[in-house]
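By the count of the working numbering, the sequence shown reaches residue 319 at its end, each step adding exactly one.
Cβ coordinates follow ideal geometry from the N, Cα and C atoms, glycine included.
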Amino acid sequence: MRTAFRLARRTLPIAVGSALLLTLNSVPASASSGWWTAQNNRAEGFYNSVNGRVYANDLKRDGYSARTQVRTAAHGYVVTDVTDKLADGYGSWKTPTLYAGVVFKMRVCVVKGSAAPKYCGSWHTFER
192 MRTAFRLARR
202 TLPIAVGSAL
212 LLTLNSVPAS
222 ASSGWWTAQN
232 NRAEGFYNSV
242 NGRVYANDLK
252 RDGYSARTQV
262 RTAAHGYVVT
272 DVTDKLADGY
282 GSWKTPTLYA
292 GVVFKMRVCV
302 VKGSAAPKYC
312 GSWHTFER
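Now the structure itself:
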């Protein structure tokens with residue numbers, strides 16, 4: 192009985208450590224971007240790694256629309272633009288093809304009609 196107890200006491204920390212290491216290594220590399228806003232807080236955007244959607248959410252009924260832009264970090268290729276015009280609390284989304292292991296940049300702006308985006312937040316980096 193005493194030998195079994197000694198053996199368990201010596202091997203249990205190794206077994207728990209190995210299980211923890213396996214768990215940590217199996218966590219997916221992709222991560223959601225977090226919510227980001229335009230400079231004036233009239234728009235917000237988000238990338239959700241669970242469902243692969245890029246969101247834009249217009250926060251104020253002021254004649255402007257929210258626009259979330261995603262591009263590749265390495266070359267600046269535009270991957271998607273998502274525009275939300277309604278300011279109804281639901282937002283708009285698209286599901287672009289974002290390849291695993293690629294680093295992307297995202298920013299949120301407001302836009303009026305077909306004019307260039309204004310009040311853009313800074314580009315935020317995330318990896319799929």
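DSSP places Ala-247 within a strand segment (E or B) once states are collapsed to three.
By the CB criterion at 9 Å, Tyr-246 and Ser-283 fall inside the cutoff.
Taking the C-beta atoms as reference points, Thr-316 is found nearer than 9 Å to Ala-264. A distance of 9 Å or more separates the beta carbons of Ser-256 and Tyr-238. Of the other Cβ atoms in all chains shown, 16 or more fall within 10 Å of the Cβ of Val-301; this residue is therefore buried. Ranked by Cα distance from Gly-292, the options Arg-319, Gln-260, Val-273 are led by Arg-319. Inter-residue distance for Trp-226 and Met-297 is about 10 Å (C-alpha atoms, whole angstroms). Short of 7 Å from the beta carbon of Gly-312, and not among the five residues preceding or following it, lie these beta carbons of its own chain, in chain order: Trp-227, Thr-228, Ala-229, Gln-230, Arg-298, Val-299.
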